[in-house]
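A.B. asks:
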Amino acid sequence: MLKRRSLILGAPAAIFATQVHGQTRDVGRSVGPDLLAAVNSLPGVTEGHGRGTLTILFAPWCHVSPTLYGVTRGFLNEISLRWVPFSGGQPEGRIGTERILASGSAGSLARNFIPAGSQPEVSEPTPLSDAQDQRMRQVERAVVTETGRPLATPTLVYMRFDERYRAILGGVDAVDLRNIANVIG
């Protein structure tokens, strides 16, 4: 089970390259294709239309994820966004993940960010969330193997136009998203 503390601590420590002298620089850590394949094997919801896909693993209780969601609104015509929820071992995450996966629609994202500590009672069954958490164990191992760091929420994974793979363990801002949009393939 993921610990909220290790996920939150990983988020701010993982923002990498920015724009320098008008040139686009890589954002994130170099990873292999196996990580992207593991991430893409998970159910999620997709929005936007673009030449490449940025996959975002997130826990609905993560305080960074709603901010990232807001920043991504300006990029929906340039890149596709694939949101992949997981519970992160928290009741708020189980409920949010279940609702997002059951809807099958990116339109459900904004209303299912559930603040940490609200601790809603999980009275409804969460089979989709529970299955997602089982699959996430493989992804967690792949993240550690590829990056040497634990999974953070959010974690972003994408393939560049030149077929190099990148992962960002933590949130990004509009400058980082611009750099990703410039190189995503």
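For the sequence shown, our numbering gives the first residue as 8, with consecutive numbering after it.
Yeah, the Cβ is synthetic: ideal placement off N, Cα and C, and Gly gets one too.
1) In or out: Arg173 buried (at least 16 other Cβ within 10 Å) or exposed?
2) Could you name each continuous beta strand (DSSP E) segment of 3 residues or more that falls completely within the segment 30 to 56, going from the start of the chain to the end?
3) Report the residue from Gly39, Gly35 and Met143 whose alpha carbon sits nearest the alpha carbon of Glu170.
4) Flag this pair as yes or no: are the beta carbons of Asp180 and Val34 separated by less than 7 Å?
5) State yes or no: is the C-beta of Leu158 within less than 7 Å of the C-beta of Val164?
6) Report back the beta-carbon spacing between Leu176 and Thr152 to the nearest angstrom; my notes put them in contact at under 8 Å.
7) Does DSSP put Thr162 in a helix, in a strand, or in coil?
8) Using a Cβ-Cβ cut-off of 6 Å (strictly less than) and excluding sequence neighbours within five positions of Ile191, which residues of its own chain qualify?
9) In chain order, what residues of the same chain have a beta carbon less than 7 Å from the beta carbon of Ser4, not counting five sequence neighbours either side?
10) How far does the alpha helix (DSSP H) with Ala188 in it reach, from first residue to last?
C.D. replies: Based on what the coordinates show:
1) By one-based count along the sequence shown, residue 173 stands at place 166. Label assigned to Arg173: buried.
2) 36 to 38 and 52 to 54
3) For the purposes of this step, residue 170 is identified with residue 163 of the sequence shown, where counting begins at 1. Glu170 has its Cα closest to that of Gly39, out of Gly39, Gly35 and Met143.
4) If you number the sequence shown from 1, residue 180 lands on position 173. If you number the sequence shown from 1, residue 34 lands on position 27. Against a cut-off of 7 Å, the Cβ pair of Val34 and Asp180 comes out as no contact.
5) The sequence position of residue 158 within the sequence shown is 151, counting from 1. The sequence position of residue 164 within the sequence shown is 157, counting from 1. Not in contact: Leu158 and Val164 (Cβ atoms no closer than 7 Å).
6) As a first step, residue 176 must be located in the sequence shown, where it is residue number 169. As a first step, residue 152 must be located in the sequence shown, where it is residue number 145. With a Cβ gap of about 13 Å, Leu176 and Thr152 do not count as contacting.
7) The residue you call residue 162 lines up with position 155 of the sequence shown. Correct three-state label for Thr162: strand.
8) Taking the sequence shown and counting its residues from 1, one reaches residue 191 at position 184. Only Gly59, Ile86 and Tyr165 meet the Cβ criterion.
9) Residue coverage of the chain in this structure runs from 8 to 192, which leaves residue 4 outside it and unanswerable.
10) In the sequence shown, residue 188 corresponds to position 181, counting from 1. Ala181 to Val190 is the extent of the alpha helix (DSSP H) around Ala188.
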